[in-house]
Amino acid sequence: MLHFLSKQSSFNLWTIFLIENLLVTFLALLFGWAILKLLNKPIKAATVNEWFICILTNLINTCITYLGFWLWDKVYIEFSFDLNWRILSDFLAVFLLMDLAMYIFHYFIHHSVIYKVIHRFHHKYENPLPIDLFVLHPLETVSFGLLWLTVISIYSFNFYAILIYLTVNVGFGIIGHLGFEPFSNKMRNLLMFKYLGTSSFHHTHHLDVKHNFGFYTNVWDKLFNTYKD
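This is the structure:
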């Protein structure tokens, strides 16, 4: 895939990356809508402003994608393409590294002037919709993108592990912005779910900005005493 892209013109690359990001957004919103529809939850229409920011986020993410490809092409970022056990281990490594990095970044934002200037924009939506996953201040979108590129540049991760992570990342984002908890209390108490950042976990953060800064897990919040059930 990457070698195919390396043969494309800059115009083709921008076009491919834009279509890719728009397709991911479309599938994510379709997935969120399907869950709400399946569970007979009310589906609120997104505002014009939310759609505008969503499109802007896609444009910024296209730039981040292009930058990531350029860094790979110039060998600042390297991947392995082997089909072996590293797919699982590298996925877990990226998953936990990004979770920790985003926890630190998220905590820092809420304890600095940056929150008032940038992140408060996202917190206008106490009862989020799936589209609100893509409703962020442009500077925050850029920051998260650069954080992501920094993490994957520190080691030669397995490329397929990266693809799995990106898919899981969108899944967590949509579930976290459903506005309700799709999993029962019994399921959330199972070991495999107990330490994950569920919809109610993130919804609590939208209601109480002093707690639950994690994204994929609640591990760091529990370790650093910022967890709220």
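Using the working numbering, the first residue of the sequence shown is number 82, and each one after it goes up by one. For each residue, glycine too, the CB sits at the ideal point set by N, CA and C. From a predicted model like this one, the values you see are computed outputs, not experimental measurements.
By the Cβ rule, the segment 112 to 127 does not count as touching the segment 158 to 169, because fewer than three pairs are nearer than 8 Å. Close CB contacts of residue 181 within its chain, under the 8 Å cut and outside five residues either way in sequence, are with 301 (chain order). If you check the CB distance, residue 255 and residue 109 come in under 7 Å. Taking a C-beta distance under 7 Å as the contact criterion, residue 134 and residue 222 do not qualify as a contact pair.
Three or more beta-carbon pairs drawn from the segment 163 to 178 and the segment 239 to 249 are found closer than 8 Å, and the two stretches are therefore classed as touching. In its chain, beyond the 5 residues on either side, no residue has a beta carbon closer than 6 Å to the beta carbon of residue 225.
Distances from the CA of residue 100 to each of 168, 147, 235 were compared; the closest alpha carbon is that of 147. Note that the C-beta distance between residue 283 and residue 307 is not below 7 Å. Between residue 118 and residue 124, the alpha-carbon positions lie close to 8 Å from each other.
Between residue 279 and residue 309 the beta-carbon gap is near 13 Å, outside 8 Å, which marks them as no contact.
Cβ neighbours of residue 219 within its own chain (closer than 7 Å, five residues either side excluded): 137, 141. It is roughly 11 Å from the alpha-carbon of residue 188 to the alpha-carbon of residue 305. By DSSP's assignment, residue 277 forms a beta bridge with 298.
The three-state reading of DSSP puts residue 186 in helix, counting H, G and I together.
Under the three-state reduction of DSSP, residue 121 is assigned to coil, being neither helix nor strand.
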